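Participant: Position one of the sequence shown corresponds to residue 0 (numbering that gives the first Met the number 0), numbered consecutively onward.
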Amino acid sequence: MSRIRVRALYTRYAHFGPYAGFHQVFRHLSTPHIAVDATPVRDGTLIDAALQVVSRVPRRSWYKSADLAAELTLAFGALTNRFDIVHYLDGEHSLGFFPRFARARRSAARIIGTFHQPPEMLQGLVSRDAVAALDLVMVMSPTQEAFFRNWLPPERVRTFLHGVETDFFRPAAAASPRSTFRCVTVGHWLRDWPAIGAVMDRLRADTTMEFHVVTNRETGLEGRDRIVMHRRVSDEELLRLYQTSDLLLLPLTSATANNSLLEGLACGLPIVSTDTPAVRAYVGEGTAALVAGNRPDALADAIVAIREDGDRRAEMGRAARARAETLSWPKRTAALVEIYEELALREQTSSAAS
Numbered sequence: 000m001s002r003i004r005v006r007a008l009y010t011r012y013a014h015f016g017p018y019a020g021f022h023q024v025f026r027h028l029s030t031p032h033i034a035v036d037a038t039p040v041r042d043g044t045l046i047d048a049a050l051q052v053v054s055r056v057p058r059r060s061w062y063k064s065a066d067l068a069a070e071l072t073l074a075f076g077a078l079t080n081r082f083d084i085v086h087y088l089d090g091e092h093s094l095g096f097f098p099r100f101a102r103a104r105r106s107a108a109r110i111i112g113t114f115h116q117p118p119e120m121l122q123g124l125v126s127r128d129a130v131a132a133l134d135l136v137m138v139m140s141p142t143q144e145a146f147f148r149n150w151l152p153p154e155r156v157r158t159f160l161h162g163v164e165t166d167f168f169r170p171a172a173a174a175s176p177r178s179t180f181r182c183v184t185v186g187h188w189l190r191d192w193p194a195i196g197a198v199m200d201r202l203r204a205d206t207t208m209e210f211h212v213v214t215n216r217e218t219g220l221e222g223r224d225r226i227v228m229h230r231r232v233s234d235e236e237l238l239r240l241y242q243t244s245d246l247l248l249l250p251l252t253s254a255t256a257n258n259s260l261l262e263g264l265a266c267g268l269p270i271v272s273t274d275t276p277a278v279r280a281y282v283g284e285g286t287a288a289l290v291a292g293n294r295p296d297a298l299a300d301a302i303v304a305i306r307e308d309g310d311r312r313a314e315m316g317r318a319a320r321a322r323a324e325t326l327s328w329p330k331r332t333a334a335l336v337e338i339y340e341e342l343a344l345r346e347q348t349s350s351a352a353s
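#1: The beta strand (DSSP E) with residue 141 in it runs from where to where?
#2: Count the other CB atoms, across all protein chains shown, that sit within 10 Å of the CB of residue 123; report buried if there are 16 or more and exposed otherwise.
#3: I'd like the span of the alpha helix (DSSP H) that includes residue 99, first residue to last.
#4: Apart from the five residues on each side of it in sequence, which residues of its chain come closer than 8 Å, Cβ to Cβ, to residue 286?
#5: Note down, in chain order, each residue of its chain lying with its Cβ closer than 6 Å to the Cβ of residue 36, except the 5 sequence neighbours on either side.
#6: State whether the stretch 80–92 contacts the stretch 143–151, with contact taken as three or more CB pairs (one from each stretch) at a distance under 8 Å.
#7: Got a sec, what are the start and stop residues for the beta strand (DSSP E) residue 210 sits in?
#8: With residue 253 and residue 119 assumed to form a contact (beta carbons below 8 Å), what rounded beta-carbon distance in angstroms separates them?
#9: Cα separation between residue 63 and residue 71?
#10: Grouping DSSP H, G and I as helix and E and B as strand, with all else coil, what is residue 181?
#11: Can we say the stretch 279–296 touches the stretch 178–198, given the rule of at least three CB pairs closer than 8 Å?
#12: Which residue wins for smallest C-alpha separation from residue 9, given the options 112, 239, 149?
#13: Which residue marks the beginning of the alpha helix (DSSP H) containing residue 92, and which one marks its end?
#14: Going straight from the alpha carbon of residue 300 to that of residue 41, what length do you get?
#15: Are the CB atoms of residue 215 and residue 239 within a distance shorter than 7 Å?
#16: Rounded to whole angstroms, what is the Cα-Cα separation between residue 223 and residue 202?
#17: Quick check on the burial criterion: 16 or more other C-beta atoms within 10 angstroms. Buried or exposed for residue 206?
#18: In three-state terms, what does DSSP make of residue 126?
#19: Using CA coordinates, which residue listed in 164, 34, 100 is at the minimum distance from residue 19?
#20: Could you tell me which residues DSSP puts in a beta bridge with residue 86?
#21: List the whole-angstrom C-beta distance separating residue 209 from residue 190, where the pair is believed to meet the contact cut-off of C-beta under 8 Å.
#22: Nearest-angstrom Cα distance between residue 327 and residue 217?
#23: Rounding to the nearest angstrom, what Cα-Cα distance links residue 58 and residue 194 in this structure?
#24: Excluding the five sequence neighbours on either side, which residues of its own chain have a C-beta within less than 6 Å of the C-beta of residue 15, listed in chain order?
#25: With distances taken between CB atoms, is the gap from residue 305 to residue 249 smaller than 7 Å?
#26: Using the beta-carbon count (16 or more within 10 Å), is residue 356 buried or exposed?
#27: Opposite residue 39 in the DSSP bridges: which residues?
#28: Should residue 334 and residue 242 be called a contact, given that it needs their Cβ atoms to be closer than 7 Å?
#29: Given a cut-off of 7 Å, decide if residue 274 and residue 289 are closer than it, judged by their beta-carbon atoms.
#30: Where residue 182 and residue 329 are concerned, what is the direct C-alpha to C-alpha distance, given to the nearest angstrom?
#31: Residue 277 by DSSP, collapsed to three states: which one?
Dropping the structure here:
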């Protein structure tokens with residue numbers, strides 16, 4: 000196969016560490032015939048309202064001035080035939096005018112958009128016209144497919160599961176003896192803090208229970224007994240917290256992919272989380288106790304049941320690590336390479352036919 004030139008745009012989040020984010024998929028790319036130029040896009044601060052009018056993106060869009068600058072560069076590259084595939088890794092942020100421009104100019108480039116947010120958020124974040132101009136929509140969870148299939152034929156929408164850095168996020172070499180049972184909660188986006196607080200309240204009398212919360216945002220949990228808040232931790236400290244915990248407690252208000260869920264799996268932690276199709280798609284079999292509606296009594300009971308059954312806890316940990324290995328970035332990179340090759344072959348076939 001001839002060389003495939005890919006231009007990828009992704010949003011740089013300040014709270015992401017060096018091992019987080021979908022752009023990690025390119026760190027393991029070693030396919031000689033695929034060349035990727037991955038460009039981070041930073042949030043802008045000015046003229047955002049004007050950009051919404053110019054680009055016709057929805058009023059609540061996350062599209063910023065830096066996204067416009069990146070798309071202008073794409074437009075110039077399309078005119079000079081500098082790439083074969085354009086991949087928006089964060090479609091909710093960066094997708095604006097370029098797909099429609101490329102179609103109007105009859106550019107040969109294939110365009111992919113990857114979307115991360117739950118269906119109930121997408122309506123206010125993405126432009127139907129821009130999505131309709133994409134060759135392929137990749138979603139992080141099966142729960143997003145129906146939303147995009149209202150706008151595109153089914154064959155142009157597919158689920159592509161997120162990956163995790165399993166070489167870095169890994170179980171501890173040996174367990175450290177402790178007198179407490181430690182639950183860890185990580186992150187802030189779509190976390191159900193009231194449910195987590197209610198679980199803590201229900202387990203308040205259990206002096207062996209300890210909660211650690213890793214987030215840079217306010218949670219409403221501060222000041223409770225036996226809770227330790229961790230802010231602005233390094234990735235090495237985050238790994239240590241996973242490795243010295245017994246369970247990942249992660250009730251969510253909604254979900255598609257979730258970095259913390261994947262990192263907890265990779266570190267061999269049993270999971271107590273929300274029973275949704277998106278969460279089920281990631282945790283696999285035997286790794287998690289899932290509770291519909293985040294009922295605090297049921298979440299607390301699940302934690303206690305896992306604590307009291309050491310054999311079950313160990314088996315859940317082994318299953319969690321095994322599940323994470325199926326989602327390691329090298330394997331997800333190989334799957335993405337297949338998609339790039341498929342789109343490039345489709346373009347070559349189309350060009351030959353014409």
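For every residue, glycine included, the Cβ atom is placed at its ideal position computed from N, Cα and C.
Since we're looking at a predicted model, the values are computed, not measured.
Facilitator: According to the structure shown:
#1: Residue 141 -> no beta strand (DSSP E), and no H or E assigned at all.
#2: Flag for residue 123 reads exposed.
#3: For residue 99, the enclosing alpha helix (DSSP H) covers residues 97–103.
#4: Excluding residues within five positions, the ones whose Cβ falls inside 8 Å are 264, 269, 270, 315, 318, 319, 322.
#5: The residues are 6.
#6: No contact exists between the stretch 80–92 and the stretch 143–151.
#7: Boundaries of the beta strand (DSSP E) around residue 210: 208–213.
#8: About 7 Å separates the Cβ atoms of residue 253 and residue 119, confirming a contact at the 8 Å cut-off.
#9: Distance between the alpha carbons of residue 63 and residue 71 is about 13 Å.
#10: Reduced to three states, the DSSP call for residue 181 is strand.
#11: These segments touch.
#12: It is 112.
#13: From DSSP, the alpha helix (DSSP H) with residue 92 extends over 90–93.
#14: Whole-angstrom Cα-Cα distance: 43 Å.
#15: With respect to residue 215, residue 239 sits apart: the two C-beta atoms are not nearer than 7 Å.
#16: Whole-angstrom Cα-Cα distance: 11 Å.
#17: Residue 206 is exposed by the Cβ-count criterion.
#18: It is coil, neither helix nor strand.
#19: Checking every option, the nearest Cα to that of residue 19 belongs to 164.
#20: Residue pairing by DSSP puts residue 86 in a beta bridge opposite 7, 111.
#21: Residue 209 to residue 190, Cβ: 19 Å. No contact.
#22: So the two alpha carbons sit approximately 31 Å from each other.
#23: Any reading at residue 58 must be qualified, since the residue scores a pLDDT of 48, below 50, and its modelled position is unreliable; no value is offered.
#24: Contacts found: none.
#25: Against a cut-off of 7 Å, the Cβ pair of residue 249 and residue 305 comes out as no contact.
#26: For the chain, the structure presents residues 0 to 353; residue 356 sits outside this window and is missing.
#27: For residue 39, which the question treats as bridged, DSSP gives the partners 9.
#28: Not in contact: residue 334 and residue 242 (Cβ atoms no closer than 7 Å).
#29: Cβ atoms of residue 289 and residue 274: closer than 7 Å.
#30: The straight-line gap separating the alpha-carbon atoms of residue 182 and residue 329 is approximately 29 Å.
#31: Of the three classes helix, strand and coil, the one that applies to residue 277 here is helix, per DSSP.
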